[in-house]
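Chemist: Going by my numbering, the sequence shown opens with residue 663, and the numbers climb by one from there.
Each residue gets a CB set at the ideal place from its N, CA and C atoms; glycine is no exception.
Before I ask anything, let me first share the structure, which is written out below as structure tokens.
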Amino acid sequence: MTLPGRYRFVPTLAGACIMGLALAASSWDCAHARSGLSDQPPLPAMGASLRKFVFFQTAEQPGTIIIRKQEKALYLVTREGEALRYQISVGRDGFGWTGTVEVGAKTEWPEWRPPREMRARQPELPEMVPAGPYNPLGARALYLSRDGHDTLYRIHGTNDPSGVGFDGTSGCFRLTNTDVIDLFRRVSVGAKVVIQ
């Protein structure tokens, strides 16, 4: 069926109206998002790189992570006699631990869900902090597991670059965002992690 000439422009006009509304809504969303961003604090600095190649003797295979808590150092074995050394923060008194685990998962810009025990000690903590640059886990996280079970401990970045190099975590291992991004791309899921 063909519409008389005077009705043929109606679908075109309706389509143009819908498109106009979509564009108006889209530009409002962009403007609203920009104004929302201006309410945020400035983006945190990524932090300096505190890593370097060092001579390192171990029987562990390349790709293994060895954490030496007393040195506040994480070593990634790169080849026989050599490792990448990253400066880290480790667990404060009462929160240190040792053992052998593995990287169970890796996440970019992870969300943070403080464990129930941590929230019991610090009731002001939220149940969840969304993913993004203001998250305490920083730019990347490597989730540590034992026998297929999450330990709740992480190797992660920080949105406070001055927060690296001391005993101050609740058992996790913290690097600058710059360094955790570098480590993240070098380490595979399943990699062995030895905490000494």
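Here's the rule: buried if 16 or more other CB atoms are within 10 angstroms of the residue's CB, otherwise exposed. What is R747?
Modeler: In the sequence shown, residue 747 corresponds to position 85, counting from 1. By the 10 Å Cβ count, R747 comes out buried.
Chemist: By the 10 Å Cβ neighbour count, where 16 or more other Cβ atoms means buried, how is D841 classified, buried or exposed?
Modeler: Taking the first residue of the sequence shown as 1, we reach residue 841 at position 179. Answer is buried; the Cβ neighbour count reaches 16.
Chemist: Using 8 angstroms as the cut-off, can you tell me whether the segment 764-780 makes contact with the segment 738-755, which would need three or more C-beta pairs spanning the two stretches below that distance?
Modeler: In short, these stretches do not touch, since the Cβ pair count stays below three.
Chemist: Name the two residues that bound the continuous alpha helix (DSSP H) containing V838.
Modeler: Residue 838 sits at position 176 when you count from the first residue of the sequence shown. Looking at the sequence shown, residue 838 is not Val but Thr. T838 -> no alpha helix (DSSP H), and no H or E assigned at all.
Chemist: Which residues bound the alpha helix (DSSP H) around A782?
Modeler: Numbered from its first residue, the sequence shown carries residue 782 at position 120. Its alpha helix (DSSP H) spans residues 778-783.
Chemist: Return yes when the Cβ of S832 is within less than 9 angstroms of the Cβ of F757, no when it is not.
Modeler: Taking the first residue of the sequence shown as 1, we reach residue 757 at position 95. Taking the first residue of the sequence shown as 1, we reach residue 832 at position 170. Contact flag set, yes.
Chemist: Under a Cβ-count criterion, where at least 16 other Cβ atoms within 10 Å of its own Cβ denotes burial, should F715 be classed as buried or exposed?
Modeler: Residue mapping note: residue 715 aligns to position 53 of the sequence shown, counting from 1. Under this definition F715 is an exposed residue.
Chemist: Could you check if T740 belongs to the surroundings of the ligand SAM, using beta carbon to heavy atom distance under 8 angstroms?
Modeler: Within the structure as shown, the ligand SAM is missing, as the structure has no ligands at all.
Chemist: Is L804 near V849, with beta carbons less than 9 angstroms apart?
Modeler: Taking the first residue of the sequence shown as 1, we reach residue 804 at position 142. Taking the first residue of the sequence shown as 1, we reach residue 849 at position 187. In this structure, V849 lies closer than 9 angstroms to L804 by Cβ.
Chemist: Straight-line CA distance for M708 to G852?
Modeler: Against the sequence shown, residue 708 aligns to sequence position 46. Against the sequence shown, residue 852 aligns to sequence position 190. Roughly 27 angstroms between the two C-alpha positions.
Chemist: My assumption, with CB atoms under 8 angstroms, is that D829 sits in contact with R713. Please give the rounded CB distance.
Modeler: By 1-based counting over the sequence shown, the position of residue 829 is 167. By 1-based counting over the sequence shown, the position of residue 713 is 51. Incorrect: roughly 20 angstroms between the Cβ atoms, too far for contact.
Chemist: Which word fits A801, buried or exposed, when buried means at least 16 other C-beta atoms lie within 10 angstroms of its C-beta?
Modeler: The residue you call residue 801 lines up with position 139 of the sequence shown. A801 should be labelled buried.
Chemist: Run the CB neighbour count on Y815, radius 10 Å, all protein chains shown included, and call it buried at 16 or more, exposed below.
Modeler: The residue you call residue 815 lines up with position 153 of the sequence shown. So Y815 ends up on the buried side.
Chemist: Have a look at P776, G819, Q858, R775 and flag the residue whose alpha-carbon is nearest the alpha-carbon of I843.
Modeler: Working through the sequence shown from its first residue, we reach residue 843 at position 181. With distances taken between Cα atoms, I843 lies closest to G819.
Chemist: Which residues in the same chain have their Cβ closer than 7 angstroms to the Cβ of A793, if we skip the five residues on either side of it in sequence?
Modeler: Looking up residue 793 in the sequence shown gives position 131. Hits under 7 angstroms: W771, P772, E773.
Chemist: Nearest to M790 by CA position, among P777, A782, E733, is which residue?
Modeler: The sequence position of residue 790 within the sequence shown is 128, counting from 1. The shortest Cα separation from M790 among P777, A782, E733 belongs to P777.
Chemist: Helix, strand or coil for L799 per DSSP?
Modeler: Position 137 of the sequence shown, counted from the start, is the residue given in the question as residue 799. It is coil, neither helix nor strand.
Chemist: Sort out for me which residues DSSP pairs G761 with in a bridge.
Modeler: Indexing the sequence shown from 1 puts residue 761 at position 99. Its beta-bridge partners are I857.
Chemist: Per DSSP, what are the beta-bridge partners of F717 in this structure?
Modeler: As a working note, residue 717 is residue 55 in the sequence shown. E744, per the DSSP bridge assignment.
Chemist: Hey, how far is the Cα of K734 from the Cα of L787?
Modeler: As a first step, residue 734 is located in the sequence shown; it is residue number 72 there, counting from the start. As a first step, residue 787 is located in the sequence shown; it is residue number 125 there, counting from the start. Rounded to the nearest angstrom, the two C-alpha atoms are 26 angstroms apart.
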